[in-house]
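With UniProt numbering applied, the sequence shown covers 1 to 376. Idealized CB from N, CA, C, for every residue including glycine. Source: prediction; values computed, not measured. Structure, as C-alpha cells:
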Amino acid sequence: MTNQDVVMPDIAAAAAMPGSSGRAPLFACRGAAAVSASSMRGGGGAAAAAYQAAVAAHVPVPIMPCASWVVEAMRASSPTRSPAAAVDGEYDAWTQRKHPSALGSFEQVAAAANGKRVVVFLDYDGTLSPIVADPDMAFMSDEMRAAVRDVAEHFPAAIVTGRCVDKVQSFVGLPELYYAGSHGMDIKGPSSNEEEDTKILLQPAREFLPVINKAYKALIEKMKSTPGARVENNKFCLSVHFRCVDEKRWNPLAEQVKAVLRDYPELNLTQGRKVLEIRPSIMWDKGRAVEFLLKSLGFDGRSDVLPVYIGDDRTDEDAFKVLRKRGQGLGILVSKCAKETDASYSLQDPAEVKEFLVRLVQWKRRRSSSAMRPRV
Numbered sequence: 001m002t003n004q005d006v007v008m009p010d011i012a013a014a015a016a017m018p019g020s021s022g023r024a025p026l027f028a029c030r031g032a033a034a035v036s037a038s039s040m041r042g043g044g045g046a047a048a049a050a051y052q053a054a055v056a057a058h059v060p061v062p063i064m065p066c067a068s069w070v071v072e073a074m075r076a077s078s079p080t081r082s083p084a085a086a087v088d089g090e091y092d093a094w095t096q097r098k099h100p101s102a103l104g105s106f107e108q109v110a111a112a113a114n115g116k117r118v119v120v121f122l123d124y125d126g127t128l129s130p131i132v133a134d135p136d137m138a139f140m141s142d143e144m145r146a147a148v149r150d151v152a153e154h155f156p157a158a159i160v161t162g163r164c165v166d167k168v169q170s171f172v173g174l175p176e177l178y179y180a181g182s183h184g185m186d187i188k189g190p191s192s193n194e195e196e197d198t199k200i201l202l203q204p205a206r207e208f209l210p211v212i213n214k215a216y217k218a219l220i221e222k223m224k225s226t227p228g229a230r231v232e233n234n235k236f237c238l239s240v241h242f243r244c245v246d247e248k249r250w251n252p253l254a255e256q257v258k259a260v261l262r263d264y265p266e267l268n269l270t271q272g273r274k275v276l277e278i279r280p281s282i283m284w285d286k287g288r289a290v291e292f293l294l295k296s297l298g299f300d301g302r303s304d305v306l307p308v309y310i311g312d313d314r315t316d317e318d319a320f321k322v323l324r325k326r327g328q329g330l331g332i333l334v335s336k337c338a339k340e341t342d343a344s345y346s347l348q349d350p351a352e353v354k355e356f357l358v359r360l361v362q363w364k365r366r367r368s369s370s371a372m373r374p375r376v
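Right under this line is the structure:
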C-alpha cells in the first residue's frame, strides 16, 4: 500500500452532537456505537479532507449508558448456546439465504473483484487469531502470518482492530501493513522494516489520553472485586474483558463500569465480543477508519476499487455498514452462529479466513500470469 504521508496526529474531535434521535439503544449482533450525549468536542482547526468527509458522512445516535442495556448487550454478544445449535438448520439457512460462505461463493467474489483494485481490511481477534481467555495470548499462527504477508504483497492491506497498535503490531509482525488500532483512532502507515518507526497518519482522539488513563486506573481498582475481569488499556480506548467472569456477576460488573463512567462524561460505553469497550465520545469507529484510509490513499470515489473487510465483532459492523452504504465493497463476517449483520458473506473461523486469503492471493497470481502471457 502506497504511503501518501497523510500525517495528522493532532486533529480535534468531531463537531457537537445533535439532539437525541429517539432510537432504541443497541440490538443483538449489531455494531453501531452508542454515543454519549454529553461533552462532545468542537472540531477546531483545518482538519484534513479525509477526516472531514468521513465524519460528515455519519450521524451518531446519542445514548446514555445504563446497566440494563449493558447486561442485555453482554448476553447478546456472548451467546451461551453452542455453535452446534446450527444443527437445527438455522445456520445453514442463514448462509444459504442471506450470508453465503465466502469460500463456497468464491467465484462470485472473484467476479466482483474482476478488473478492480482490491483493498483488504482485516480485524485481528477472532479473525486472524482465535478468541482466547487471556488477551495477551491471542497469537496468530505462522501459517496465518504467511497468508497475510502474501496478501500484503499483492493488495493494499490494513489491520483494523480495537487493540492498541503497538500490541497488534507485535502479534502480527508484518511492518508492510497499515494498522488502525483503538477502533481506528490510531492509524499508522507501513515501514520498511520492524525496527523503523511507523508514521502516524491519524489520531483523532489524542486530546482524550489524560482522561482515558484516569478511567483506566479507576477501572483497575473497581474490577479487583470481580474474579476473572480484566481491564486492557488500548491507548485510545479501554476494554473490560468478561470472558472469564461468571455470568451471575455480569450485572454487578456492568454497574461497576457504569459507576466509574459517571465521573468521566467524555467517555462512551459500547460492547463487543465478551468485552465492554470504553471510548472517547467522538464520531469515529472502524467504518470511519476504512473511509479515511481509502480516501487518503486515493481510492475514494473510484469505481475500480473493491474494499474487502473481514471481521467477527460487533464493532466490525461499522465497517460493514460503510461498505453497504457505499454500494461498493464486500463485508465478510466471521461467525459460527447465525446473527444479524450488514456483511454480505460469511466465514466460520480463522481457519476459513486463512483459506480465503490464500485463495484470494492464488486468484491474483493467476490473473497476473495471464496478463503477462504474450498474445499470439
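(1) Between D246, F236, I159, F356, which lies nearest to K214 when the distance is taken from Cα to Cα?
(2) Any idea what DSSP makes of T95, helix, strand or coil?
(3) Does residue 387 come out as helix, strand or coil in the three-state DSSP assignment?
(4) How is the alpha helix (DSSP H) around R145 delimited, first residue to last?
(5) Hey, out of D134, M185, P190, whose CA is closest to R149's CA?
(6) For D312, which option in A93, I131, L323, R117 has the closest C-alpha, if you only look at C-alpha atoms?
(7) Between the region 107–123 and the region 154–161, can you find at least three pairs of beta-carbon atoms closer than 8 angstroms?
(8) If I measure Cβ to Cβ from R249 and keep anything under 7 angstroms in the same chain, skipping five residues before and after, which residues do I get?
(9) I need the DSSP call for Y216, collapsed to helix, strand or coil.
(10) Flag this pair as yes or no: are the beta carbons of M144 and P350 separated by less than 9 angstroms?
(11) Can at least three beta-carbon pairs, one atom from the region 178–190 and one from the region 232–247, be found at a separation below 8 angstroms?
(12) Is the beta carbon of I212 less than 9 angstroms from the beta carbon of L128?
(13) Which term fits D263, buried or exposed, when burial requires 16 or more other beta carbons within 10 angstroms of its beta carbon?
(14) Quick one: Cα of K354 to Cα of G327, how far?
(15) Going by alpha carbons, who is nearest to S303 out of L323, P265, G287, R288?
(16) With a CB to CB cut of under 7 angstroms and the five nearest residues on each side skipped, what residues in its chain are close to G287?
(17) Does the Cβ of D342 have 16 or more other Cβ atoms within 10 Å, making it buried, or fewer, making it exposed?
(18) Is the CB-CB distance between L357 and V172 below 9 angstroms?
(19) Pull the bridge partners of G89 from the DSSP assignment, please.
(20) Report buried or exposed for K295, applying the criterion of at least 16 other Cβ atoms within 10 angstroms of its Cβ.
On the basis of the coordinates in this document:
(1) F236
(2) helix
(3) Residue 387 cannot be examined here, being either before or after the span of the chain that is shown, 1 to 376.
(4) 142–154
(5) P190
(6) I131
(7) yes
(8) T226
(9) helix
(10) yes
(11) yes
(12) no
(13) exposed
(14) 26 angstroms
(15) L323
(16) D318, A319, K321, V322
(17) buried
(18) no
(19) DSSP lists no partner for G89.
(20) buried
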